[in-house]
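A.B. asks: Going by my numbering, the sequence shown opens with residue -1, and the numbers climb by one from there. From the three backbone atoms N, C-alpha and C, an ideal C-beta is built for every residue, glycine too. Source: prediction; values computed, not measured.
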Amino acid sequence: MNPQILVDGLIAGAMYGLGAIGVTLTYSILRFANFAHSELLTFGAYAALALSSALGVLSAGLLAPLGPFSFGWSLPLAAITAMALTGLLALAVDAVLFGRLRARRSSIIVMVMASFGAALTLRSLLEFVFTSKPAYFTRELQIALPLGGGMRATPDQLLALVLAIALVVAVHLLLTRTAIGRSMRAVSENQALAGVVGVDVRRVIRVVWLLGAVLACVAGIMAGLLVQLRPYMGFDLLLPLFAAAILGGIGSVPGAMLAGLIVGLAEAGTVQLVGAEWRTAVAFIILVLVLLLRPHGLFGRPQA
-1 MNPQILVDGL IAGAMYGLGA IGVTLTYSIL RFANFAHSEL LTFGAYAALA
49 LSSALGVLSA GLLAPLGPFS FGWSLPLAAI TAMALTGLLA LAVDAVLFGR
99 LRARRSSIIV MVMASFGAAL TLRSLLEFVF TSKPAYFTRE LQIALPLGGG
149 MRATPDQLLA LVLAIALVVA VHLLLTRTAI GRSMRAVSEN QALAGVVGVD
199 VRRVIRVVWL LGAVLACVAG IMAGLLVQLR PYMGFDLLLP LFAAAILGGI
249 GSVPGAMLAG LIVGLAEAGT VQLVGAEWRT AVAFIILVLV LLLRPHGLFG
299 RPQA
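#1: Report the CB separation of S36 from S72 in whole angstroms; it is logged as a contact under 8 angstroms.
#2: Tell me the rounded alpha-carbon separation between R175 and A184.
#3: With 16 as the cutoff for other CB atoms within 10 Å, does S250 come out buried or exposed?
#4: If you pair each beta-carbon of the stretch 189 to 200 with each one of the stretch 236 to 244, do three or more pairs fall below 8 angstroms?
#5: What are the start and end residues of the alpha helix (DSSP H) that includes P252?
#6: Shortest alpha-carbon distance to I107 belongs to which of D154, A279, L95 and F30?
#7: How would you label W349, buried or exposed, when you count the other beta carbons within 10 angstroms and need 16 or more for buried?
#8: Give me, in chain order, the residues of the same chain whose beta-carbon lies closer than 6 angstroms to that of A77; leave out the 5 immediate sequence neighbours on both sides.
#9: Determine the closest residue to V212 out of H170, T84, A117 and A43, with distance taken between C-alpha atoms.
#10: Would you decide whether V288 is buried or exposed? Buried here means 16 or more other CB atoms lie within 10 Å of its CB.
#11: Quick one, which of I248, A242, V272 and G273 has its alpha-carbon nearest G262's?
#12: Whole angstroms are fine: how far does the CA of P229 sit from the CA of F128?
#13: Just curious, the beta strand (DSSP E) that G70 is in, first and last residue?
#14: Distance check for L123 and A142, CA to CA, integer angstroms please.
#15: What distance in whole Å lies between the Cβ atoms of G295 and L245, which are believed to be in contact at a cut-off of 8 angstroms?
#16: In angstroms, rounded to a whole number, what distance separates the CA positions of Q2 and R150?
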């Protein structure tokens, strides 16, 4: 087996893991599967692209490659603003749609169908504004660096992997070492009881939306930088994201990241051993097996 599978799988899995964290947090707090989450990846990537291009027009020097990477300062600067915009979009969708449905005590199926509608709307808007033509953050060519053992990776790929791991550690520390993290875990356990003991449930919900949106934005930028940007890029990542969230265990941040890496490695191995046409089926197979054999996932707890 080609050892390059390991590198390719880890890099793809890092993107899945970051996106899956938002899915698992949203589900653990709000109790519904938000299928519009994948469109936040796409929105974040396109927002970063537009802002990076605008900065490049203002100062061509910002587009010059930064060290060994294929991008200049324009992309990191644009990414910060794009994360804020993606967070605002998530809050706006919640205020306009999901918040009103929660106030009416709508059923889970209504929330899920509403998320489908939100996803279709956002995807169509992005395609209308940016067209369906693929876009790129940069067209600079990179030479893959030897990592040993027959494995190679570009500086951009290594940066994406390190950044993903750092963000997962940061989110884990946020949930376990801070007051808002403890509040989030309390709301996840029992929202009504958490409200009775003084937890600001509305604030927790806002933080969850912001956190999930920021991570989705980073995952989208990573996907756009390493591959390309398309209006359907989030939709293509939807099944792997949910497979990783369920495999890791709802509410578990390390579990979502680990499961994302597992899904990425499984896809890379399938491409190598069977063929690229079966890549999409891998996430579905993993999802079905987890639901049948271990519904609570690797790190989740069985529901009473």
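C.D. replies: So, from the listed chains and residues:
#1: 26 angstroms between Cβ atoms; not a contact.
#2: Straight-line spacing of the CA atoms in R175 and A184 works out to 14 angstroms.
#3: Burial state of S250 is buried, judged by a 10 Å Cβ sphere holding 16 or more other Cβ atoms.
#4: The stretch 189 to 200 is not in contact with the stretch 236 to 244.
#5: Run containing P252: V251 to L271, per the alpha helix (DSSP H) assignment.
#6: Out of D154, A279, L95 and F30, the CA that lies nearest to the CA of I107 is found in F30.
#7: With the chain running from -1 to 302 in the structure shown, residue 349 is simply not present.
#8: Taken in chain order, the residues that qualify are A46 and I219.
#9: The candidate whose alpha carbon is nearest that of V212 is T84.
#10: It counts as buried.
#11: The candidate whose alpha carbon is nearest that of G262 is A242.
#12: Straight-line Cα distance between these residues: approximately 8 angstroms.
#13: Segment: none, G70 is in no beta strand (DSSP E) and carries neither H nor E.
#14: Rounded to whole angstroms, A142 to L123 spans 36 angstroms at the Cα level.
#15: With a beta-carbon spacing of about 6 angstroms, L245 and G295 fall inside the 8 angstroms limit used to define contacts.
#16: Straight-line Cα distance between these residues: approximately 7 angstroms.
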